[in-house]
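Residue numbers (mature numbering (1 follows the signal peptide of the UniProt record, and there is no 0)): -23 to -1, 1 to 487.
Every residue gets a Cβ at the ideal spot worked out from N, C-alpha and C, and that includes glycine.
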Amino acid sequence: MNSHVILAFVLLLLPELVKYAKAAQGDMPNGKEFHVMCSLISLARSDLTKLNVAELSTTDVSEIEQLNMSASVASWYNAFDDEVKDAQPDKAESICSKIMAHDKENCKTLYTKWQATKAAFVAASKTNEKLKLKRGPQETVADRRIQKQLALIGERANTIYSDYVKNIKPSLADGAPDIKADLETALYGAGASAKDGSEAATITHSGSREANCAVPEAGKSLIGDLICLCAPDSTTTNVKLCGHTVATHTQAWGGSFVPKTAWDTLAPKCKPFEGKLTAIEITAALAAFRAALKSDKQADPGTVILGHPHTTGKCASAAKVACVDYTKAMTQWPSEPNNEIKWYKSLAQAASKLLSRAQQAAKQEKTATELQHLKLSAWQLYEAMKIENLPTAPVLTPKGNKEPTAEETKACEKYNGNQKECPQDSCTYDKTKEECTPKAGTESAAAGTGDKAGAAGANSETEKCTNKKTEGDCKDGCKWDGEECKDSSILANKQFALTVVSAAFVALLF
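Right, dumping it as structure tokens:
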């Protein structure tokens, strides 16, 4: 097919295309406005059960409390029965007098909970090997430190769960009843009970269309304003104002006109929103509504209209036109989006509540995560308590730092004030204090057995010589050394040591 044939074909169809375009435009003057209002209605009809969130259970808190109970000292653990029994109040009185006499009333308040925790732990430990913890280690200092950490974890878990119950859970009720109330008010009007478009709370049609489709009589409900926008009457004639045939074109507005008939036709066109409703959807739809408003330049430029008005700028019954007049509700439009349209305010309020609900849901998720982390920490501490302590090894004192015994001290101190007699091999003489004290890291001649006995024998040999006061008496293994008699073996050792040192010194010189 060449280009000439294509051009001829297009020219042949052009009149029909123009005819279709004109028919569509004339048959659907409020098409854009219909989609704006229909979007709002769809959102208002959302299934709010999709907003439901699973309630935060006490499972994690209970598990932490059971670990805390198991890790407690015997005096606390044994105060509670392995099973919940009757006469709890009487039991609480006697038990709390023993374990928490300083705060007995608070103990009595919590006794039932603690008893239930003990019973739950005992029951669970019968089938869960991880819960089995020997009694005894709980009394050690190290494990009592762990108990303190477990107690603090338990306190934190109870605190954040209590905050959830008090401040978060109430705002996350199933079905979001507070949001549902706002959406239904926006959809049907405040006070509507039938919720089918038949009541005056939804739309007023007792007077003229011009009055009923203008604020303050309009703007009460989304359904009412949609009917003003899309439902023809006997004056408007049989025209598809919003692209749909509505069987009210033979009815006179304010007379035989039945709003419910119009809503029954339009409702299926605005099916409920299928997603999970959020504040974003409502806010965007309200913005689209504001963008669809206009001032009628043929009349007063201060008017705010949705749809196509009469040449007077009003929303009276006229052939092939229909609109809603919001002028009295939007005194600062378009500079200020806030207005007094009742259904608009209800939707804005619903959006605000949706945002708050989303924030509360996020807080619940954060609480759940923190409880999981606390439980993990509790289990780590609990497992640490299962590690048995190693036997305590004796403390070894370095030989050079050995403290003198009482015997060693006594063996030296008898020479206090007598420097000559103070044994130099095992004692040290302090000239200033005139005291004879044991040398550090040595054993005196008077103490011990074995090596100590040998030392005592050597000291005895030394005393044999030192007790000889004249050179003539200094015999039998003794040798006179200037002014005193000494053991000849000691002198020989000293002489040998001097010889070794001298030899080493001489070697350094070469």
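Spatial distance of asparagine 144 from alanine 31 (CA atoms): Taking the straight line from one Cα to the other gives about 16 Å.
Straight-line Cα distance separating lysine 322 from serine 329: 11 Å
4-residue-minimum alpha helix (DSSP H) runs that sit fully inside the region 319 to 405, ordered along the chain: 319 to 362, 383 to 390
Residues near threonine 104 by beta carbon distance below 7 Å, same chain, minus five either side: none
CA-to-CA distance, valine 13 to alanine -1, given in whole angstroms: Low confidence applies here, because alanine -1 scores a pLDDT of 30, under 50, leaving its location unreliable and the question unanswered by this model.
Any alpha helix (DSSP H) of 4 or more consecutive residues that is wholly inside the region 59 to 136: 65 to 76, 81 to 102
As assigned by DSSP and simplified to three states, the class of valine 192: coil
Beta carbon of leucine 110 nearer than 7 Å to that of alanine 262: no
Inter-residue Cα distance where the pair is glutamate 132 and alanine 335: Per the coordinates, the alpha-carbon of glutamate 132 lies some 27 Å from the alpha-carbon of alanine 335.
Rounded straight-line distance, which links the Cα of alanine 355 to that of threonine 346: 14 Å
7 Å Cβ cutoff met for alanine 191 and cysteine 292: yes
Residue span of the alpha helix (DSSP H) that contains threonine 260, given as start and end: Under the DSSP assignment, threonine 260 falls in the alpha helix (DSSP H) whose first and last residues are 256 to 269.
Boundaries of the beta strand (DSSP E) in which histidine 285 is found, first to last residue: 282 to 285
Cβ neighbours of isoleucine 130 in the same chain (closer than 7 Å, five flanking residues each side left out): Ile41, Leu351, Ser354, Ala355
C-beta contact flag for valine 216 and lysine 146 at 7 Å: no
Between the CA atoms of glutamate 187 and alanine 264 - distance to the nearest angstrom: 26 Å
Within 7 Å, strictly: CB atoms of alanine 152 and leucine 25: The residue you asked about is not alanine; residue 152 is glycine in the sequence shown. Cβ distance < 7 Å, so glycine 152 and leucine 25 count as in contact.
Within 7 Å, strictly: CB atoms of serine 23 and leucine 243: In this structure, leucine 243 does not lie closer than 7 Å to serine 23 by Cβ.
Lysine 416 beta carbon less than 7 Å from that of threonine 409: no
Unbroken beta strand (DSSP E) run spanning proline 415, endpoints: For proline 415, the enclosing beta strand (DSSP E) has its first and last residue at 412 to 415.
Top-ranked residue by Cα proximity to asparagine 135, from Cys451, Tyr88, Tyr359, Thr344: Answer by Cα proximity: Thr344.
With 16 other Cβ atoms within 10 Å as the buried cut-off, status of lysine 197: buried
Boundaries (first-last residue) of the beta strand (DSSP E) holding cysteine 300: 299 to 302
One or two residues paired with glutamate 461 in a DSSP bridge: Asp458
Reduced DSSP secondary structure (H/G/I, E/B, other) of alanine 239: helix
Cα-Cα separation, residue 494 to serine 170: With the chain running from -23 to 487 in the structure shown, residue 494 is simply not present.
Host alpha helix (DSSP H) of asparagine 45 (start-end): Start and end: 36 to 47.
Residues that DSSP places opposite aspartate 407 in a beta bridge: Glu412
Unbroken alpha helix (DSSP H) run spanning glycine 8, endpoints: 8 to 21
Supposed close pair leucine 203, alanine 21 - CB separation, criterion 8 Å: In fact, because the Cβ distance is near 11 Å, the residues do not count as touching under 8 Å.
Own chain, CB closer than 8 Å to valine 61, minus 5 neighbours either side, in chain order: Gln92, Ala93, Ala96
Assigned exposure category for cysteine 300 - 16 Cβ within 10 Å defines buried: buried
Alanine 163 - DSSP class collapsed to helix/strand/coil: Correct three-state label for alanine 163: helix.
Where aspartate 151 falls: helix, strand or coil (DSSP): coil
Three-way DSSP call (helix, strand, coil) for alanine 296 in this model: In the structure shown, alanine 296 sits in coil (DSSP, three-state: anything other than H, G, I, E or B).
For leucine 44 and tyrosine 88, the rounded distance between their alpha carbons: 17 Å
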